[in-house]
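Numbering (full-length UniProt numbering), first residue to last: 1 to 229.
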């Protein structure tokens with residue numbers, strides 16, 4: 001089940017219309033239909049209000065990862081869906097939040113912190129599955145987590161520009177395509193086919209005794225061309 005948004009669209013719209021710094025807590029509380037004391041009890045600050053949904057989503061992701069009993073690849077796809085579904089469930093709030101973050105530098109900086117928290121949640125999951133116990137696997141795991149967040153964010157940006165351009169199915173396809181490149185890390189017990197080396201080419205050339213080096217090279221080159229043709 002997708003949790004309801006914790007941030008009223010009316011409050012986000014007010015921050016955009018009046019400006020983040022120019023809008024008071026009293027005005028935000030009124031726009032949200034709550035008292036000033038309830039606002040502080042629920043959010044603590046204007047900035048925390050903007051990211052209240054983010055906190056809820058991160059908690060949901062952590063719960064999804066911790067409770068999963070399926071394989072690592074499917075679990076990570078499910079977690080990506082948790083984030084995508086939450087944002088796309090309320091298009092108006094998602095558009096307003098995106099517009100607000102684009103106009104307030106301090107909020108963009110906090111957004112970057114949130115990105116790292118998602119990466120950490122994914123990496124903690126890999127750690128609990130004992131998939132990053134070596135330094136080499138740790139490096140791969142860090143790259144995997146950053147890539148997973150990047151793919152999700154790219155799909156979310158596409159959706160914000162045009163809701164018809166992507167959906168959770170397309171997101172799952174791209175995430176799966178990406179994660180299968182890390183199958184040795186994510187599915188260490190699976191049987192992975194060994195790479196097949198091309199069979200060496202054998203070239204036989206008949207040369208006259210005493211042929212010079214250039215004659216030998218020309219003969220081999222001609223034989224190779226004949227074999228490839």
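All C-beta atoms in this analysis are idealised placements derived from N, C-alpha and C, irrespective of residue type, glycine included.
These numbers come from a predicted model, not from an experiment.
Sequence-distant residues of the same chain with beta carbon closer than 7 Å to residue i, five excluded per side
i, result
"residue 138", "132"
"residue 62", "121"
"residue 18", "none"
"residue 119", "145, 146, 149"
Buried versus exposed call for residue i [16 or more other C-beta atoms within 10 Å across all chains shown]
i, result
"residue 44", "exposed"
"residue 97", "buried"
"residue 198", "The predicted position of residue 198 is uncertain, since its pLDDT is 49 and thus under 50; no value can be drawn from it."
"residue 89", "exposed"
"residue 22", "exposed"
Rounded separation between residue i and residue j - CA only
i, j, result
"residue 149", "residue 35", "36 Å"
"residue 9", "residue 27", "14 Å"
"residue 130", "residue 177", "22 Å"
"residue 158", "residue 136", "33 Å"
"residue 182", "residue 144", "8 Å"
"residue 164", "residue 151", "17 Å"
"residue 57", "residue 86", "7 Å"
"residue 75", "residue 162", "27 Å"
"residue 167", "residue 153", "12 Å"
"residue 125", "residue 102", "31 Å"
"residue 42", "residue 32", "11 Å"
"residue 134", "residue 113", "26 Å"
"residue 172", "residue 105", "31 Å"
Nearest neighbour of residue i, chosen from the options [CA to CA]
i, options, result
"residue 82", "51, 97, 65, 48", "65"
"residue 186", "33, 123, 84", "123"
"residue 188", "106, 32, 72", "72"
"residue 110", "46, 179, 160", "46"
"residue 29", "142, 39, 115", "39"
"residue 117", "92, 60, 160, 24", "60"
"residue 127", "54, 115, 114, 142", "142"
"residue 115", "173, 55, 160, 92", "55"
"residue 91", "173, 160, 180", "160"
Cβ shell of residue i (< 8 Å), same chain only, five flanking positions each side left out
i, result
"residue 78", "64, 68, 70"
"residue 100", "12, 15, 16, 20, 50, 107"
"residue 170", "155"
Contact belief for residue i with residue j at Cβ below 8 Å, rounded distance in angstroms
i, j, result
"residue 175", "residue 94", "Going by Cβ atoms, the distance from residue 175 to residue 94 rounds to 20 Å, so no, they are not a contact pair."
"residue 51", "residue 155", "Going by Cβ atoms, the distance from residue 51 to residue 155 rounds to 21 Å, so no, they are not a contact pair."
"residue 7", "residue 53", "5 Å"
Proximity test, Cβ basis, 9 Å: residue i and chain D
i, result
"residue 38", "Checking the listed chains, one finds no chain D in this structure; it contains a single protein chain."
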